Amino acid sequence: MSTASSHPAPADSPAGAACTEAGTGFHPHLPGDGAAAAGGLRARLHHIRADALDGGTAQTGGMRRFAAISGRTVGSEKLWMGQTHVAPATASSDHHHGESETAIHVVSGRPEFVFVDDSSGEPVEVRLRTGPGDYIFVPPFVPHREENPDPTEEAVVVIARSTQEAIVVNLPGLYPPATG
């Protein structure tokens with residue numbers, strides 16, 4: 016059971032009163048009457064059941080993405096969240112997520128995340144080995160791939176992105192093409 020909490024009332028307020036930081040009323044931070052001003056999909060909470068994830072999202076070879084929270088599923092404007100599944104003994108194609116910041120939480124399996132670090136001036140391929148409960152942050156436009164080296168267990172991760180849809184740009188490799 017959850018309980019609502021509020022800020023304590025100032026000493027000069029009537030007994031039992033609670034206050035908010037900005038303004039008064041039911042939704043003191045929203046214009047108008049709050050719920051009515053938000054309207055439509057954005058005026059209520061959404062429950063997305065585990066068996067109702069949307070597979071109609073951007074894909075990369077070697078993995079399957081499923082949207083839970085997106086502009087299409089719930090009307091989100093600044094956030095995308097879903098799951099990615101990588102089959103046993105499989106590597107995804109190399110890709111990046113455009114302008115999206117991506118946060119990854121490992122649910123099951125031991126996926127590995129591979130990228131090229133050229134911060135020292137010499138490109139070095141880096142492999143991050145993860146396990147359940149670990150987190151990964153992928154900055155915008157950073158080429159990478161996910162691998163699942165386990166021969167029997169699928170790797171499952173939860174992904175949150177700073178854009179409302181799953182941006183995926185598939186690449187021919189991790190390293191930029193040679194010029195000159």
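Mapping to the numbering used here: the sequence shown position 139 is 154, numbers consecutive.
Beta carbons are placed, not taken as given, at the ideal position from N, Cα and C, and that holds for glycine.
Everything numeric in this text was worked out from a predicted model, so none of it was measured.
For this session: Please go through the same chain and pick out, in chain order, the residues whose beta-carbon is closer than 8 Å to the beta-carbon of P138, but skip the five residues on each side of it.
Result: In the sequence shown, counting from the first residue as 1, residue 138 sits at position 123. Only V131, D132 and Y190 meet the Cβ criterion.
Exercise. Can you name the start and end residues of the beta strand (DSSP E) that E167 belongs to?
Worked result: Residue 167 sits at position 152 when you count from the first residue of the sequence shown. The sequence shown places Thr at residue 167, not Glu. Per DSSP, T167 belongs to no beta strand (DSSP E) and is neither H nor E.
Exercise. Are P166 and A104 touching if we call contact CB-CB under 8 Å?
Worked result: Stepping through the sequence shown from its first residue, residue 166 is reached at position 151. Stepping through the sequence shown from its first residue, residue 104 is reached at position 89. Closer than 8 Å, so yes.
For this session: Kindly indicate the opening and closing residues of the beta strand (DSSP E) around V89.
Result: To locate residue 89, count along the sequence shown from 1; it is residue 74. Boundaries for V89: no beta strand (DSSP E) harbours it, while the alpha helix (DSSP H) harbouring it runs G86 to V89, taken from the DSSP string.
Problem set entry | Start-to-end residues for the beta strand (DSSP E) that takes in L143 | Position 128 of the sequence shown, counted from the first residue, corresponds to residue 143. Residues V139 to R144.
Exercise. Going by the CB atoms, is the gap between V157 and H111 shorter than 8 Å?
Worked result: Residue 111 sits at position 96 when you count from the first residue of the sequence shown. Residue 157 sits at position 142 when you count from the first residue of the sequence shown. Yes; because the gap between Cβ atoms is below 8 Å, this pair is in contact.
For this session: Name the residue from G70, I182, V89 and V141 whose alpha carbon lies nearest to the alpha carbon of A58.
Result: Stepping through the sequence shown from its first residue, residue 58 is reached at position 43. When only C-alpha atoms are compared, the closest one is V89.
For this session: Look up D133 in the DSSP assignment and say whether it is helix, strand or coil.
Result: Within the sequence shown, numbered from 1, the residue matching residue 133 stands at position 118. Correct three-state label for D133: coil.
Problem set entry | Range covered by the beta strand (DSSP E) that runs through V101 | In the sequence shown, counting from the first residue as 1, residue 101 sits at position 86. Residues W95 to V101.
Exercise. In three-state terms, what does DSSP make of D69?
Worked result: As a position in the sequence shown, residue 69 is number 54, starting the count at 1. Residue state for D69 is assigned as strand, using DSSP reduced to three classes.
Exercise. Across which residues does DSSP place T178 in a beta bridge pair?
Worked result: In the sequence shown, the residue the question calls residue 178 occupies position 163. According to DSSP, which records beta bridges pairwise, T178 is partnered with nothing at all.
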